[in-house]
Amino acid sequence: LQTFGRINKNSRMFAQMILISLDKSETQEKMQNHLQLLVHFILILFSQSQNPNPKCRANDGNAEGAFRAILYKAPGQTSGKIIVSNSAAAWVNGNAELTQRERQSFGGTLQHVVGNHAEIKFLAYNNVPPGMPNVKTKSNSKGVIIVQTTQNIDAASWIVHTVPGFPAAKTGYSWPVAENAKGHLLICLTISESQINAIAASLLRAEPLVHYNDIPETETVGMQYFKKLSDGQFPTVPPYLSRQSIKTAAQAAVTVNVYSKSATSRYEIYKRVIVKALKKTIKVWSRRDNKLKGDCRVVERNIRLIKSPARVGDHDTNLDADLTNWAVSDPGNIFCLIDRPYAKNQTVQSAMAVCIDQAAIFARFNDIAAQVEDCPR
70 LQTFGRINKN SRMFAQMILI SLDKSETQEK MQNHLQLLVH FILILFSQSQ NPNPKCRAND
130 GNAEGAFRAI LYKAPGQTSG KIIVSNSAAA WVNGNAELTQ RERQSFGGTL QHVVGNHAEI
190 KFLAYNNVPP GMPNVKTKSN SKGVIIVQTT QNIDAASWIV HTVPGFPAAK TGYSWPVAEN
250 AKGHLLICLT ISESQINAIA ASLLRAEPLV HYNDIPETET VGMQYFKKLS DGQFPTVPPY
310 LSRQSIKTAA QAAVTVNVYS KSATSRYEIY KRVIVKALKK TIKVWSRRDN KLKGDCRVVE
370 RNIRLIKSPA RVGDHDTNLD ADLTNWAVSD PGNIFCLIDR PYAKNQTVQS AMAVCIDQAA
430 IFARFNDIAA QVEDCPR
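Just so we're aligned, residue 70 is where the sequence shown starts under this note's numbering, counting upward by one.
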């Protein structure tokens, strides 16, 4: 055991159990099998403890080849449909149910968020923070910024999602089973640490509820917006609108534009912010009220509402149970996840949109947006 250096408490306990079971009456073959199992178990733990990885994962939770991942869980589904950066030609089944951490993309990325590793630190925000009922907040944003603090390693990721009360920090993986009945989106972007300050600048306008942060200041030196975010210092003076651009950490980097507005702005984020920035028509999938309608008054600047029900691959979704709000541009190639529904009251609420300019991602969501409602008369 000393050969493997520092092994955690669980592995030592497991080793003791194995060795105790090896009494003199056992055959040499059985002893060899026990020892092989022990060595295999220790190697796995040793590998995990020595190789922290905050990056996005492939569908099976493997650390290789995924600089971004998007999982769409339709209502009533337990594993959802997923596209990753090296496999985005079609929605494929999630590799495992979201109720288990192992063998699925987001469970892999969140391994050291729900667990503990000395070299993985993170900031988590959620308007429904885990284990904190009835908390009031101005925001509807949910996400996690994860960084690796290993010296001379630049590795980080940003997860944006729609799931209330998830993930809980360092208390073990626990998917909220009640959310299986609802539709949710989870997006993971592998980034360099230099992108964190721009993300924080956008989040400041959205005023998220930060419920956990252990990222040391040594990792964010000179990042004034991240400092303000972690301290809860939200701006109270103009400008009330933010537009920031980041890129994914891949050889073929993807541009992500992040738009956010404060409640004080009184802007309607879909038309006043997204359409104005993209200079294109958008097709919107979102719960809606009876006040804010589709808008076809300005040529090539329309807001077309996607018909419900719709299909994510071969999974059915509908606006009664789907909690996601997203849009695609027309023409492409932009997909946006928005943290507020298409409703009149969001003009007096903070809001944020994460817009990804990538053809394959756009195509997958544009398939869902095939049918739109007629323009209002």
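Backbone N, C-alpha and C fix where the C-beta goes; we use that ideal spot for every residue, glycine too.
- With respect to F431, V381 sits apart: the two C-beta atoms are not nearer than 9 Å.
- Taking the Cα of T416 as reference, the smallest distance to any Cα among E337, S377, F434 is reached at E337.
- Around A250, the same chain offers P144, G145, A390 as residues with beta carbons nearer than 8 Å, after the five sequence neighbours per side are excluded.
- The C-alpha of H186 lies about 28 Å from the C-alpha of Y141.
- Fully enclosed beta strand (DSSP E) runs of no fewer than 3 residues occupy 253–260 of the segment 252–277, in order along the chain.
- Judged by beta-carbon spacing, S208 lies within the 9 Å limit of A275, meaning their Cβ atoms are closer than that value.
- T259 has its alpha-carbon roughly 14 Å from the corresponding atom of P121.
- Secondary structure at G176: helix, using DSSP grouped into helix, strand and coil.
- The shortest CA-to-CA distance from T147 to any of W227, P245, C365, V213 is the one to P245.
- Contact annotation: E288 and V216 have beta-carbon atoms nearer than 9 Å.
- Taken through DSSP and simplified to helix, strand or coil, F404 comes out as strand.
- According to the DSSP assignment, I139 belongs to the beta strand (DSSP E) that extends over 137–142.
- Between P198 and L278, the gap from beta carbon to beta carbon is short of 9 Å.
- N435 sits in a helix when the DSSP states are folded into three classes.
- Assignment of beta-bridge partners to I375 by DSSP yields V441.
- Looking at the DSSP output, N282 shares a beta bridge with L192.
- The beta carbons of L406 and L254 sit about 6 Å from each other, so the pair counts as a contact at 8 Å.
- Boundaries for D300: no beta strand (DSSP E) harbours it, while the alpha helix (DSSP H) harbouring it runs 293–300, taken from the DSSP string.
- Shown here for G212: same chain residues with a beta carbon closer than 7 Å to its own, the five before and five after excluded, namely Y194, W227, I228, V229, H230 in chain order.
- Note on Q173: 16 or more other CB atoms within 10 angstroms of its CB, so buried under the neighbour-count rule.
- At a Cβ-Cβ threshold of 9 Å, K297 and E286 do not count as neighbours.
- For the beta strand (DSSP E) assignment, the uninterrupted runs of no fewer than 3 residues enclosed by the segment 209–249 are, from N- to C-terminal side, 211–217, 225–230.
- For K190, same chain residues with a beta-carbon under 6 Å away, outside a window of 5 residues either side, are V216, T218, D283, I284 in chain order.
- Within the same chain, and ignoring the five residues on either side of S243 in sequence, the residues whose Cβ sits closer than 7 Å to its Cβ are A237.
- Around the beta carbon of T317, 16 or more other beta carbons lie within 10 angstroms, which makes this residue buried.
- Here Q313 carries a strand assignment [DSSP, helix/strand/coil].
- Burial check for P308: the Cβ neighbour count within 10 Å stays below 16, so the residue is exposed.
- Under DSSP, Y328 takes part in a beta bridge, and its partners are R312, A422.
- Under the three-state reduction of DSSP, A127 is assigned to coil, being neither helix nor strand.
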